[in-house]
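No gaps in the numbering here: position 175 of the sequence shown is 426 in the working numbering, and each next residue is one more.
Every residue, glycine too, gets a C-beta built ideally from N, C-alpha and C.
Below is one structure, written out as structure tokens; comments come after it.
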Amino acid sequence: MELSLSNTSSLRFPQNDFLSLHNCSRPGSFHSFSNKKLASKSVSLWRPLIWRQSHLVRLEAQTAIESNASGDKHDDDDFIVEDVPHLTDFLPDLPSYTNPLKKSQAYAIVKKTFVSPEDMVAKEIIVQKDSPRGIHFRRAGPREKVFFTPEEVRACIVTCGGLCPGINTVIREIVCGLKNMYGVDDVLGIQGGYSGFYSKNTLNLTTKVVNDIHKRGGTFLQTSRGGHDTKKIVDNIQDRGINQVYIIGGDGTQKGAAAIYKEVEKRGIKVAVAGIPKTIDNDIAVIDKSFGFDTAVEEAQRAINAAHVEAESVQNGVGIVKLMGRYSGFIAMLATLGNRDVDCCLIPESPFYLEGPGGLYEYVEQQLKENRHMLIVLAEGAGQEYVAQSMQAFQEKDASGNRLLLDVGLWLTQHIKDHFTNVRKTTINMKYIDPTYMIRAIPSNASDNIYCTLLAQSAVHGAMAGFTGFTVGPVNSRHAYIPINRVTETTNTVNMTGRMWARLLASTNQPSFVNHQTVRERVDKETIDAINNMKINST
């Protein structure tokens, strides 16, 4: 068996050589390997093998060549593990301890209390017979060995960026998880986002203090955008004796968490950095969905229902509801599908146009003739190029680096009204509702509360087990530890040739808008052909 190292962050195993992995020198590192197919030619690595995120460990079984010679089919496809860093990567002499959960009365009923170091979560679960096994992430959950004693832990929690339902639940469950599962009493709350590390006082968080904060919207710790100064933050972490940092925020916040981890590693200090991804838009890559999203879709129904009542109660009523979605239209899409009264949904991923055959004006006129009212739901990031052109606006950004959006809802309301009043000589009644801040400021619903609990507890288990520089989330309904760069390198967007968008088009019967010249310039030919050839059925 040949072992080679190269500069990347995955660990690969050949598909057809099933490797048994056991006797780890660190939780999650694999000490020996044996090939079950070739029992008489078992190969083992007698030396401890430590995984490092910055390296790729590739094992190429030379015995597979012998299998080919004997007539066995050989496939070069790999089993890839995208691993997360561990404190022992830069502090190899750290002692480990027995997990206190072994003595937990609650966990005594669990048949298998601890996650095996061999447990992985597949990124893709829809496969074909000859598909490669593909990318996998380390399964989240409690480990048999931990690298912190309850007495030595001083944890801190910080929330950054915009508001989202469920933030307080995550805060509560981190505090309660540390106390109830691991006996940790020392937890600090950093107030006001990243800048709070070096400019504000902290709060002492106990289970009593956070007991009912999940019933409130917003964040108990307050938040802010920007303010990230890596060296100042890590200096403060050292000065306060903090050794576990839990960071709740979106992609910009998670990039900051990665920078903090890198600085901690550079200084060689025992600090575990765990990220909990937060975005109400559901635009974080890799994970199934972000917390607060279900609550946002549910709460959006109130605004959509109100707009529908207003529109159908007057002659030629047109209701417009603007929902969140800077770059991704998931809230608008799912809220539309969940409502069934919406006639048109406009999102950032799907360009639209107003005038001409197949345009929005034509569709509005058609709906008014047939139904005497119409309901439009649009995401805040939709049609920004049109608004910017008409208002001659510049691309300004906020403290987090996000593009400041113009109000497409007001713009579209005025343009539809002007078109029908001045061009079509028709009187219409426009009803515009913007529930953005009402939605993001509410407490999370029951479904999101459960989800937030799982996220918080998974983060706690990971930090106690010595993992660092990671974020946590569900991948195909199984919680996993994911390298931070994987959730920040790209944005999750609605697939315009996927079944979910096809279901929406079938529900609303709206035009796809892809045949106009200005839209064609923004949409690739493959997408246009796929949509033109798509046969949509209600499902």
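For residue i, does the count of other Cβ atoms within 10 angstroms reach 16, so buried, or fall short, so exposed?
| i | result |
| --- | --- |
| A697 | exposed |
| S763 | buried |
| R476 | buried |
| E333 | buried |
| R577 | buried |
| R691 | buried |
| T739 | buried |
| M575 | buried |
| N533 | buried |
| P599 | buried |
| M751 | exposed |
| I376 | exposed |
| G634 | buried |
| V361 | exposed |
| G717 | buried |
| G392 | buried |
| G519 | exposed |
| Q379 | exposed |
| E424 | buried |
| E621 | exposed |
State the DSSP-derived secondary structure class of residue i, mapped to helix, strand or coil.
| i | result |
| --- | --- |
| N796 | Given that the chain is displayed from residue 252 to residue 790, the structure contains no residue 796 and the question cannot be resolved. |
| L574 | strand |
| M715 | helix |
| G503 | helix |
| R390 | strand |
| E550 | helix |
| I598 | coil |
| Y604 | coil |
| E563 | helix |
| F671 | helix |
| T314 | For T314, the pLDDT reaches just 37, beneath the cut-off of 50, and the residue's location in the model is therefore unreliable, leaving the point undetermined. |
| Q640 | helix |
| A537 | The amino acid occupying residue 537 in the given sequence is Val; Ala does not appear at that position. V537: coil per DSSP, three-state reduction. |
| G322 | Low local confidence applies: a pLDDT of 45 at G322 is under 50, so the model's placement there is unreliable, and no value is given. |
| T748 | coil |
| I331 | strand |
| F341 | coil |
| F544 | helix |
| K482 | helix |
| V830 | The shown model of the chain, from 252 to 790, leaves out residue 830, and the question about it has no answer. |
| Q619 | Checking the sequence, you will find Leu at residue 619 rather than Gln. Helix at L619. |
| A523 | strand |
| L656 | coil |
| A630 | strand |
| V515 | helix |
| I477 | Here residue 477 turns out to be Gly, not Ile, going by the sequence shown. If DSSP states are grouped into helix, strand and coil, G477 belongs with coil. |
Between the alpha carbons of residue i and residue j, how many angstroms are there, rounded?
| i | j | result |
| --- | --- | --- |
| L798 | V745 | For residue 798 there is no data in the structure shown, the boundaries of the chain being 252 and 790. |
| P602 | S541 | 25 angstroms |
| G580 | P416 | 18 angstroms |
| E550 | S450 | 35 angstroms |
| K668 | E606 | 14 angstroms |
| I582 | H337 | 36 angstroms |
| I408 | E616 | 53 angstroms |
| I495 | Y637 | Residue identity check: residue 495 is Gln in the sequence provided, not Ile. In a straight line, the C-alpha of Q495 is about 46 angstroms away from that of Y637. |
| F399 | A508 | 20 angstroms |
| I531 | Q442 | 21 angstroms |
| K506 | G526 | 10 angstroms |
| L755 | M584 | 7 angstroms |
Relative to the alpha-carbon of residue i, which residue among the options has its alpha-carbon at the smallest distance?
| i | options | result |
| --- | --- | --- |
| D486 | T739, I499, K517 | K517 |
| E613 | R675, Q489, G589 | R675 |
| T349 | I582, R591, D669, T364 | T364 |
| M681 | G724, Q761, V569, I733 | V569 |
| V628 | E616, Q665, T587 | T587 |
| I464 | G749, I418, D490, G478 | I418 |
| N431 | G492, K354, P383 | K354 |
| Y358 | E600, Y433, V404 | Y433 |
| D699 | K573, P725, D344 | P725 |
| I499 | H730, I538, T410 | T410 |
| Y445 | V435, G478, G428 | G478 |
| I571 | Q640, D658, A547 | D658 |
| T453 | V378, A406, K374, K482 | A406 |
| V335 | Q761, R389, G503 | R389 |
| P734 | D381, N743, Q708, V723 | V723 |
| I701 | A630, N760, T546, V522 | T546 |
| K482 | S695, K513, N760 | K513 |
Sequence ranges, beta strand (DSSP E) only - wholly within the region 426-466, length at least 3: 438-441, 453-455
Runs of alpha helix (DSSP H) wholly within the region 345-431 (minimum 4 residues, chain order): none
4 or more residues per run - each alpha helix (DSSP H) lying fully within the region 678-746: 687-691, 697-715, 735-739
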